[in-house]
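Novice: The C-terminal residue of the sequence shown carries number 464 in this note's numbering, and the numbering is unbroken. Once you've had a glance at the structure underneath, I'll fire off some questions.
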Amino acid sequence: MRRLKIKEILKNGKPGTATLIKGWVRTRRGSKNVHFIAMNDGSTINNLQVVADTTQFDEQLLREINTGAALAVEGTLTESKGSGQNVELLAERIELLGGADPEKYPIQPKKHTLEFLRENAHLRFRTNTFGAVFRLRHSMAYAIHHYFNEKGFYYLHTPIITASDAEGAGQMFRVTTLDAINPPLTEDKKPDYSRDFFGKATNLTVSGQLEGELGAMALGEIYTFGPTFRAENSNTARHLAEFWMIEPEMAFYDLKDNMDLAEDFLKYLIGYALDNCSDDLQFLASRLEQEEKNKPQDQRSMNLIEKLKFVQSSSFIRLTYTEAIEILKNSKPYKKNQFQFPVDWGIDLQSEHERYLVEKHFKCPVILTDYPRDIKAFYMKQNDDNKTVRAMDVLFPQIGEIIGGSQREENLEKLLSRMKEMDIPAEEMWWYLDTRRFGSAVHSGFGLGFERFILFITGMGNIRDVIAFPRTPKNAEF
Ligand code: 4AD
Ligand code: MG
């Protein structure tokens, strides 16, 4: 008999049909004569109820049908009386594929804390919450490829190992095969990377952008979607040392085109989730409500689905960094000294400032542009004021910065002089500069932090709970 997925059965299963399912026991309850087994196979948040007449089955087998056990169940679909579902499965044959000792299996049917589940990340997929999160994460990855494909963007695979350290000096993970204890040394007693695997010092990439620009300046519109690595020692709920980033890069786009694309893209993804992932979203929405029910009314967040619909239908507010600083300086928390970090023109905005603008002042997503050049990367297009660059950050409720991007400096002379000011060796970047030497043109791009976006879509509070196996300072378990 062909196995059916539970999702399919719950959607289209007809009473009277002979059916085979395979999955894991979530709960088992019942009386001496009849057992009700809630089965889940990962295809949906919903379980299929299996009804087993105990007289038909071996006692030893019945004893082993515990939470976490893997079963194959053959039987006939019958109309379901309870539980809001159309059908349940009347078991005729049950095969125990793999038992789960209830004394030892950590994921028992009770409420576990997210911290506990993080320590058991290898098994947390078996909970409703993580099932929903990872199904949504998959759907969003799929929707991202779909969106760009429809728009004529090409998926470009930029390298993971790179010798360029242009984006954020000192935050990179070194990749080396040199002996850790006795590396070959140069005359001035430093590791001799010319004798390393690649013949030079190499790192894990912090961004695919620079290589992405090379692609865009020929293919027109490209995007990358891959892992990136940052060795910053930030132990926050928004930072990972290994995270996934989506980086579109477009020839002939200026900053406005770039903002329009970012806004359209985010709204498309939200719409896709609302249209295609409603069971999981509904579950996550009620999870969040449950989680927050003890908070005072004014500290509770908006219902997850309401929030997604709200962002999908709102026009993102666009303003300059300079205007944002003015707003912050006139704000209540500033005047009452409630911000932890200072506010002054030239500072890098902290998440508390970003969230004030989005959640309190505008009550809507915000795109800030034209940041001070001294806090942004060398490649951003310089404005005529000699102080600011054509940067854009998209700020979201609860998240703060979700996207960072810019129009790129396409003028070779200006780019070279900026690199000189910032001590970036032009010789090593010859390949990047060649795009400005040959057929240069206005172009722009941005990076969406995938996990930050999944935080937003799922309403989860900690970035460690939206990537399967988080990598953070002092933590690389699993
Ligand atoms: O603002 P960032 O550093 O921009 C870049 O890397 C550019 N090269 C992008 C581009 O223009 N092509 O990072 C982009 C986004 C941030 O807005 C944030 O969402 C996410 O990546 N991000 C992180 N997510 C998780 N953990 C971290 N440590 C992150 N650092 C950045
Ligand atoms: Mg940024």
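For glycine and all other residues, C-beta sits at the position ideal for the given N, C-alpha and C. Everything numeric in this text was worked out from a predicted model, so none of it was measured.
Pull up the DSSP beta-bridge partners for R123, would you.
Specialist: Your numbering for residue 123 matches position 137 in the sequence shown. Paired residue(s): none; R123 is not in a bridge.
Novice: Just mark S150 as buried or exposed, buried being the case when its beta carbon has 16 or more other beta carbons within 10 Å.
Specialist: Residue numbering aside, residue 150 sits at position 164 when the sequence shown is read from its first letter. Result: buried.
Novice: I want to check one thing, is the minimum distance from the CB of G257 to the heavy atoms of the ligand MG below 6 Å?
Specialist: Sequence index remark: in the sequence shown, residue 257 carries index 271 (1-based). Incorrect: G257 has no Cβ contact closer than 6 Å to the ligand MG.
Novice: If you follow the beta strand (DSSP E) that I(-8) is part of, which residue opens it and which one closes it?
Specialist: Reading the sequence shown from its first residue, position 6 is the one you call residue -8. Element bounds for I(-8): not the beta strand (DSSP E) but the alpha helix (DSSP H), -8 to -2.
Novice: If you pair each beta-carbon of the region 374 to 382 with each one of the region 329 to 349, do three or more pairs fall below 8 Å?
Specialist: Short answer: they touch.
Novice: Name the DSSP beta bridge partners of Q35, please?
Specialist: If you number the sequence shown from 1, residue 35 lands on position 49. Its beta-bridge partners are A24.
Novice: Using DSSP's beta-bridge definition, name the partner residues of H429.
Specialist: On the sequence shown, position 443 is the one that residue 429 refers to. DSSP output for H429 lists A237 as bridge partner(s).
Novice: By a C-beta neighbour count over all protein chains shown, 10 Å radius and 16 as the cutoff for buried, is F424 buried or exposed?
Specialist: For the purposes of this step, residue 424 is identified with residue 438 of the sequence shown, where counting begins at 1. F424 is exposed by the Cβ-count criterion.
Novice: Using three-state DSSP, classify E396 as helix, strand or coil.
Specialist: Residue mapping note: residue 396 aligns to position 410 of the sequence shown, counting from 1. Here E396 sits in coil by DSSP.
Novice: Could you tell me if Y307 is buried or exposed, where buried requires 16 or more neighbouring beta carbons within 10 angstroms of its beta carbon?
Specialist: Here residue 307 corresponds to residue number 321 of the sequence shown, with the count starting at 1. Buried, since its Cβ has 16 or more Cβ neighbours within 10 Å.
Novice: Could you name each continuous beta strand (DSSP E) segment of 3 residues or more that falls completely within the region 309 to 377, going from the start of the chain to the end?
Specialist: Fully enclosed beta strand (DSSP E) runs of 3 or longer: 352 to 358.
Novice: Under a three-way DSSP split, which group does A118 fall into?
Specialist: Residue 118 sits at position 132 when you count from the first residue of the sequence shown. Correct three-state label for A118: helix.
Novice: Tell me, which residues are paired with P169 by DSSP?
Specialist: Within the sequence shown, residue 169 is the residue found at index 183, counting from 1. Bridge partners of P169: none, in fact.
Novice: Hey, how far is the Cα of G317 from the Cα of Y140?
Specialist: Along the sequence shown, one-based indexing puts residue 317 at 331. Along the sequence shown, one-based indexing puts residue 140 at 154. For the sequence presented, residue 317 should be read as Ser rather than Gly. The alpha-carbon atoms of S317 and Y140 are separated by roughly 44 Å.
Novice: Could you give the C-beta distance for G117 and G28, rounded to a whole number, given that I count them as a contact under 8 Å?
Specialist: Position 131 of the sequence shown holds residue 117. Position 42 of the sequence shown holds residue 28. Yes, G117 and G28 are in contact; Cβ-Cβ is about 6 Å, under 8 Å.
Novice: How many whole angstroms separate the CB atoms of H501 and I449, which I take to be in contact at a CB cut-off of 8 Å?
Specialist: Lying before the first or after the last residue shown, residue 501 is absent from the chain, which here runs from -13 to 464.
Novice: Using CA atoms only, rank isn't needed, just tell me which of D371, D87, N323, I389 is closest to L354.
Specialist: Stepping through the sequence shown from its first residue, residue 354 is reached at position 368. Minimum Cα distance to L354 is reached at I389.
Novice: For V297, which of helix, strand or coil comes out of DSSP?
Specialist: In the sequence shown, counting from the first residue as 1, residue 297 sits at position 311. Helix.
Novice: Where do the ends of the beta strand (DSSP E) carrying R12 lie?
Specialist: Mapped onto the sequence shown, residue 12 falls at position 26. Unbroken beta strand (DSSP E) run through R12: 4 to 16.
Novice: Between the region 234 to 249 and the region 11 to 24, do at least 3 Cβ pairs fall closer than 8 Å?
Specialist: Because the criterion of three Cβ pairs below 8 Å is not met, the region 234 to 249 and the region 11 to 24 do not touch.
Novice: My understanding is that P145 touches E197, with C-beta atoms under 8 Å, so please give their C-beta distance in whole angstroms.
Specialist: The residue given as residue 145 occupies position 159 in the sequence shown. The residue given as residue 197 occupies position 211 in the sequence shown. Confirmed, Cβ separation roughly 6 Å.
Novice: Since T64 contacts L76 with CB under 8 Å, what's their CB separation in whole angstroms?
Specialist: Numbered from its first residue, the sequence shown carries residue 64 at position 78. Numbered from its first residue, the sequence shown carries residue 76 at position 90. Rounded, the Cβ-Cβ distance is 5 Å, consistent with contact.
Novice: Is there at least one non-hydrogen atom of the ligand NAP closer than 6 Å to the beta-carbon of G390?
Specialist: The model depicted lacks the ligand NAP and carries the ligand 4AD and the ligand MG instead.
Novice: Any idea which residues DSSP pairs F58 with across the strands?
Specialist: By 1-based counting over the sequence shown, the position of residue 58 is 72. A quick correction: the sequence has Ala, not Phe, at residue 58. DSSP, once it has assigned bridges, lists K8, E81 as partnering A58.
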